[in-house]
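K.L.:
Residues in the sequence shown are numbered from 2 upward in steps of one, following the working numbering. From the three backbone atoms N, C-alpha and C, an ideal C-beta is built for every residue, glycine too. Keep in mind it's a predicted model, so treat the numbers as computed, not measured. Take a look at this one; I'll ask things after.
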Amino acid sequence: MIPYKNDAFAKLLIMGIFILIWVNDSFAYLVGKSIGRTKLFPSVSPKKTIEGTLGGFIFALAAAYLMATFEELISPIQWMILATVIVVAGSLGDLIESKFKRTAGVKDSGAILPGHGGMLDRLDSLVFAAPFAYLTLNIFSYVS
2 MIPYKNDAFA KLLIMGIFIL IWVNDSFAYL VGKSIGRTKL FPSVSPKKTI EGTLGGFIFA
62 LAAAYLMATF EELISPIQWM ILATVIVVAG SLGDLIESKF KRTAGVKDSG AILPGHGGML
122 DRLDSLVFAA PFAYLTLNIF SYVS
């Protein structure tokens, strides 16, 4: 059973979720900017590319594997499954938020963070991925 309710371990898991989201978002942007050609959903988010999405996913898997070397209560394969869930859910959250903005005719969801599109743009992946990460950790508790 995964002791994710243990204080020290819970803090590590929360930080791990943030790290996986940030790694995915950052490398999806960097890879997409450098080699991205194929649009993912041009009508929803015209700058997102398949290459960027795959690049973010690959780097998130690498980050998950590295985190497994520091924390052994979750196996490397479980960290990588968690990364996959976070990447898929986070990417969906980002696309859904982009669709909401397009429907509303809004470019950015605020001006609190200039150049970053607003607070919701920075948190959309986290807000959508966190419940799925929690569900995945609960499933791990039952199958471990």
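(1) Please tell me whether Leu31 and Ala64 are closer than 8 Å, where the distance is taken between their beta carbons.
(2) So, at 7 Å on beta carbons, what are the nonlocal neighbours of Glu52 in its own chain, with the 5 sequence-adjacent residues on each side left out?
(3) Can you give the Cα-Cα distance for Gly17 and Ala90, rounded to whole angstroms?
(4) Hey, how far is the Cα of Leu62 from the Cα of Ser27?
(5) I need the boundaries of the alpha helix (DSSP H) containing Thr39, first residue and last residue.
(6) Taking contact to mean 3 or more Cβ pairs, one atom from each stretch, closer than 8 Å, check whether the region 124 to 135 and the region 82 to 101 are in contact.
(7) Report the partner residues of Thr50 according to the DSSP bridge assignment.
(8) Is Gly17 helix, strand or coil by DSSP?
P.N.:
Reading from the atomic positions:
(1) Residue 31 sits at position 30 when you count from the first residue of the sequence shown. Residue 64 sits at position 63 when you count from the first residue of the sequence shown. Going by C-beta atoms, Leu31 is not nearer than 8 Å to Ala64.
(2) Walking along the sequence shown from the start, residue 52 turns up at place 51. So the list reads Val32, Gly33, Ile36, Gly37, Arg38, Thr39, once near-sequence residues are dropped.
(3) For the purposes of this step, residue 17 is identified with residue 16 of the sequence shown, where counting begins at 1. For the purposes of this step, residue 90 is identified with residue 89 of the sequence shown, where counting begins at 1. Looking at the backbone, the Cα of Gly17 and that of Ala90 are separated by about 15 Å.
(4) Taking the sequence shown and counting its residues from 1, one reaches residue 62 at position 61. Taking the sequence shown and counting its residues from 1, one reaches residue 27 at position 26. For Leu62 and Ser27, the distance between alpha carbons rounds to 13 Å.
(5) Counting from 1 along the sequence shown, the entry for residue 39 is found at position 38. In this chain, Thr39 is not harboured by any alpha helix (DSSP H), its DSSP state being neither H nor E.
(6) Yes, they touch.
(7) The sequence position of residue 50 within the sequence shown is 49, counting from 1. Looking at the DSSP output, Thr50 shares a beta bridge with Lys40.
(8) If you number the sequence shown from 1, residue 17 lands on position 16. Taken through DSSP and simplified to helix, strand or coil, Gly17 comes out as helix.
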